[in-house]
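One structure below.
Protein chains: 2
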Amino acid sequence: MTMNLKQLSESLGLSPTTVSRALNGYPEVSEQTRLRVMRAARDADYRPDPRAKGLATGRALAIGHVLPTSVRTEIVNPVFADFLSGAGDVYASAGYDMILRMVANTEEEATYDALAKRRAVDGVIVHAPRVDEPRIDQLLRLGLPFVVHGQCQRAQEDYPWVDTNNRRAFEAATERLIALGHHRIALLNGDERMDFARRRRAGHLDALSAAGLTQDDSLLFNAEMTEAYGYETARSLLESAAPPTAFLTSALTTAFGVRRAADELGLRLGEHIALITHDDDLSYLSNGRPGAPVFAATRSSVRAAGRLAAELLMDIIAHPGSAPRTHMLEAEQLDGPSLCPGPHHAP
Amino acid sequence: MTMNLKQLSESLGLSPTTVSRALNGYPEVSEQTRLRVMRAARDADYRPDPRAKGLATGRALAIGHVLPTSVRTEIVNPVFADFLSGAGDVYASAGYDMILRMVANTEEEATYDALAKRRAVDGVIVHAPRVDEPRIDQLLRLGLPFVVHGQCQRAQEDYPWVDTNNRRAFEAATERLIALGHHRIALLNGDERMDFARRRRAGHLDALSAAGLTQDDSLLFNAEMTEAYGYETARSLLESAAPPTAFLTSALTTAFGVRRAADELGLRLGEHIALITHDDDLSYLSNGRPGAPVFAATRSSVRAAGRLAAELLMDIIAHPGSAPRTHMLEAEQLDGPSLCPGPHHAP
DNA sequence: CTCGTAATCCAAAGCGGTTTGAAAGAATTG
DNA sequence: CAATTCTTTCAAACCGCTTTGGATTACGAG
Numbered sequence: 009m010t011m012n013l014k015q016l017s018e019s020l021g022l023s024p025t026t027v028s029r030a031l032n033g034y035p036e037v038s039e040q041t042r043l044r045v046m047r048a049a050r051d052a053d054y055r056p057d058p059r060a061k062g063l064a065t066g067r068a069l070a071i072g073h074v075l076p077t078s079v080r081t082e083i084v085n086p087v088f089a090d091f092l093s094g095a096g097d098v099y100a101s102a103g104y105d106m107i108l109r110m111v112a113n114t115e116e117e118a119t120y121d122a123l124a125k126r127r128a129v130d131g132v133i134v135h136a137p138r139v140d141e142p143r144i145d146q147l148l149r150l151g152l153p154f155v156v157h158g159q160c161q162r163a164q165e166d167y168p169w170v171d172t173n174n175r176r177a178f179e180a181a182t183e184r185l186i187a188l189g190h191h192r193i194a195l196l197n198g199d200e201r202m203d204f205a206r207r208r209r210a211g212h213l214d215a216l217s218a219a220g221l222t223q224d225d226s227l228l229f230n231a232e233m234t235e236a237y238g239y240e241t242a243r244s245l246l247e248s249a250a251p252p253t254a255f256l257t258s259a260l261t262t263a264f265g266v267r268r269a270a271d272e273l274g275l276r277l278g279e280h281i282a283l284i285t286h287d288d289d290l291s292y293l294s295n296g297r298p299g300a301p302v303f304a305a306t307r308s309s310v311r312a313a314g315r316l317a318a319e320l321l322m323d324i325i326a327h328p329g330s331a332p333r334t335h336m337l338e339a340e341q342l343d344g345p346s347l348c349p350g351p352h353h354a355p
Numbered sequence: 009m010t011m012n013l014k015q016l017s018e019s020l021g022l023s024p025t026t027v028s029r030a031l032n033g034y035p036e037v038s039e040q041t042r043l044r045v046m047r048a049a050r051d052a053d054y055r056p057d058p059r060a061k062g063l064a065t066g067r068a069l070a071i072g073h074v075l076p077t078s079v080r081t082e083i084v085n086p087v088f089a090d091f092l093s094g095a096g097d098v099y100a101s102a103g104y105d106m107i108l109r110m111v112a113n114t115e116e117e118a119t120y121d122a123l124a125k126r127r128a129v130d131g132v133i134v135h136a137p138r139v140d141e142p143r144i145d146q147l148l149r150l151g152l153p154f155v156v157h158g159q160c161q162r163a164q165e166d167y168p169w170v171d172t173n174n175r176r177a178f179e180a181a182t183e184r185l186i187a188l189g190h191h192r193i194a195l196l197n198g199d200e201r202m203d204f205a206r207r208r209r210a211g212h213l214d215a216l217s218a219a220g221l222t223q224d225d226s227l228l229f230n231a232e233m234t235e236a237y238g239y240e241t242a243r244s245l246l247e248s249a250a251p252p253t254a255f256l257t258s259a260l261t262t263a264f265g266v267r268r269a270a271d272e273l274g275l276r277l278g279e280h281i282a283l284i285t286h287d288d289d290l291s292y293l294s295n296g297r298p299g300a301p302v303f304a305a306t307r308s309s310v311r312a313a314g315r316l317a318a319e320l321l322m323d324i325i326a327h328p329g330s331a332p333r334t335h336m337l338e339a340e341q342l343d344g345p346s347l348c349p350g351p352h353h354a355p
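From first to last, the protein sequence lines are chains A and B.
First residue of the first sequence: 9, per the working numbering; consecutive thereafter.
First residue of the second sequence: 9, per the working numbering; consecutive thereafter.
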């Protein structure tokens, strides 16, 4: 059906060896023949079979993404879609395929083992690292190139990662709320087994204590960042004896939930209650229109992170053995109509 | 590094032929030898190299998903994540890989050509079919097995698809609103170049005319289903001279936007305004808690659709040449607190 | 006892590329 | 002009698996 190397070489009166070399840019072939081969290949729309190529070279020309789905909740984080979209562009232009495995988080280790063992991929992206992340040691041991989207609690220089400065982002957000006169700030964090959530919490607490405020543990929450979580938590907080005057949420979905609770109780964000949310700049769940956000936010594009992580991984694969590089993205602090002064505001 | 077939066969004192046949269930090998081989393979944790296997058999053991990303908006629909999660389970248990391509919608055709030509995949899932969907003809022509998630405007029996009964769902939703006494219903539909949106609109209009109501074109909208779209549309409608009394939205995100607009204007969903939304039952963006929805909805799990589509595709690949099968899912009509009687309500 | 048949197993030829080692031809050198 | 060195090309082996077409042995039938 499709022309293969042998046929192409016959049609040119050359050996497969020469044609292969010409196409792959080896120097042992004259510039003139190379041109002739390239032109013929293009005309015949020849594309090497990736399987054969992979078998011969040992490379897979594919990158693996193993997405853990919580086995209990079966929840798939929508940030994956945008992350993959960013990464996908990079792979495509580098000629790599993206292979996806959605596995229960109990089977991740086995999945990485299988991928590495069969050289099904040339590298992987590690998603959603937990605080104590066993996959990193596993991958280092396996010798499979990888980039982590996020960090975990170990020496920064030990492994390659791309991350948003979550600690700083939430520290800054908290500082802003404090400056506006808010002392009782509820943190609706993500699942704190995840590293990013731990860092956000740390940033939040740092800002509180830097301002001399005592932290109130009853204002700290963590869970999967759904709308219902935001609603229920905010609702019960706002109806409590000592409600917070400001909210800090880890995702737009949760912020939506907080607003629903506030609205039901006749409270207005940006009037009675202040809110800052983290905003992953998802294409579908955008925070208002560009330039006109709905919520004040710490924004960091997860699509950009995907692009960077993929580029870093391509680089690692191309230059094995080099020291791990890392990439920290700073979140943008976005103003929005969900801000308002708090009770301790000094005008 | 990893044991291969040759080594395994040597360690057993058998030929690669016999071992291969034993492992793949061919009858030309005695049950006793087969057992011996299977046990040895398991003990040695042997897994055949998928590239070599693919090269030899011509099969790819992979399914392709080509996700179009609007080249203008770069928007990735979050339903993909849940759909893929449903499909992924099926692939995994069938031993198939899932390969993903995110391409600008201008390059879809070329992508399918490339996938088919290089036999990189054994089949594909077509996402987000448009009303007039050229990809279906292309795939039929290429002879590449496929299943469409959704339908398009052509004979139903021509090609395999899995779809939600969008027409019926929106017809029923509209009937409910009419029964509640709503005559001015705004439809905030998805992009009507997409087939699903066209069907939803048709269902809506059918119900209107069945009730003898004249359709008001100024209440029909279509766009990508973002929160901002819901907000802006609802806001301008509600501030207009003849506002609608009910909304029908195509996605939860859009419904969130409608609620924001209503709240800002001091109107309450389920009190002053009724709303029914379509609900894809996304894991992350759920409509309240199970049993306690926030919005009345037409619900159809996109994850279930993914599972069904994948199963259908596996079946098509296993039994080529059989007549196209299809699968229509009926949406569940969900009651919720966003419903209220309209001005024409007869008590 | 021989022959046809069935049951097992195997050698070797692919699948479509890459890569090693060698050869032929052209250019350079003493 | 012969010897040496590049340059350019190729034949053949290999990657790890499947599969065709025997070969070998065992067995019941004639």
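Cβ atoms here follow ideal geometry from the backbone N, Cα and C, with glycine treated the same way.
query	result
Closer than 7 Å to chain B by CB, methionine 336(A)	no
Threonine 261(A): first and last residue of the uninterrupted alpha helix (DSSP H) it sits in	260 to 272
Same chain only: Cβ atoms within 6 Å of isoleucine 144(B), ignoring 5 sequence neighbours per side	Tyr167
Within 7 Å, strictly: CB atoms of valine 27(B) and leucine 16(B)	yes
Residues sharing a beta bridge with phenylalanine 303(A), DSSP	Answer is none; phenylalanine 303(A) lacks a bridge partner.
Which of helix, strand or coil DSSP assigns to leucine 347(A)	coil
Leucine 213(A), DSSP secondary structure in three states	helix
7 Å Cβ cut-off: residues of chain A touching valine 365(B)	This structure cannot settle anything about residue 365(B), because the visible part of chain B is limited to 9 through 355.
Cut-off 6 Å between Cβ atoms - residues of its own chain near glutamate 179(A), not counting five sequence neighbours on either side	Gly211, Asp214, Ala215
Beta bridge counterpart(s) of alanine 282(B) as assigned by DSSP	Ala254(B)
Identity of the residue in Arg307(A), Leu320(A), Leu256(A), Asp288(A) nearest leucine 347(A) by Cα	Leu256(A)
Chain-ordered neighbours of alanine 122(A) on chain B, where CB pairs are closer than 9 Å	Arg55
Listed by chain order, chain B residues near aspartate 105(A) by CB distance under 7 Å	Ile107
Selected residue, minimal CA-CA separation from leucine 147(B), among Gly72(B), Leu22(B), Arg267(B), Val45(B)	Gly72(B)
Neighbour flag for aspartate 130(B) against chain A, beta carbons, 7 Å	no
Best match in Trp169(A), Glu232(A), Asn173(A), Ala236(A) for proximity to glycine 198(A) [C-alpha to C-alpha]	Glu232(A)
Contact with chain A by aspartate 199(B), beta-carbon distance below 7 Å	no
Contact between the region 247 to 264 of chain B and the region 286 to 296 of chain B (3+ Cβ pairs under 8 Å)	yes
Spatial distance of proline 76(A) from leucine 227(B) (CA atoms)	42 Å
Counted within 10 angstroms of its Cβ, other Cβ atoms place arginine 175(B) as buried (16 or more) or exposed	buried
Leucine 63(B) at chain A interface by Cβ criterion, 7 Å	yes
Nearest residue (CA-CA) to tyrosine 4(A), options Arg268(B), Pro251(B), Ser330(B), Ala122(B)	Outside the shown range of chain A, which is 9 to 355, sits residue 4(A), and nothing can be said about it.
In chain order, each beta strand (DSSP E) run of at least 3 residues that lies wholly inside the region 112 to 171 of chain B	131 to 134, 154 to 157
Where the alpha helix (DSSP H) containing glutamate 235(B) begins and where it ends	235 to 246
Whole-angstrom C-beta distance between phenylalanine 91(A) and valine 310(A), which should lie under 8 Å	5 Å
Cut-off 8 Å between Cβ atoms - residues of its own chain near glutamate 240(A), not counting five sequence neighbours on either side	Gly265, Ala269
Cβ-based burial, lysine 61(A) [other Cβ within 10 Å; buried from 16]	buried
Interface positions of the region 235 to 258 of chain A facing chain B (Cβ-Cβ less than 7 Å), listed along the chain	Glu235, Ala236
Between the CA atoms of arginine 192(A) and alanine 218(A) - distance to the nearest angstrom	15 Å
Straight-line gap, valine 37(B) to alanine 52(B) (C-alpha atoms, nearest Å)	21 Å
Beta carbon of asparagine 230(B) nearer than 7 Å to that of methionine 336(B)	no
Beta carbon proximity, glycine 96(A) to chain B, threshold 7 Å	yes
Cutoff 7 Å: lysine 14(A) Cβ touching any chain B Cβ	no
Residue-chain proximity (threonine 77(A), chain B), Cβ-Cβ < 7 Å	yes
Buried versus exposed, by CB contacts within 10 Å (16 or more), tyrosine 120(A)	buried
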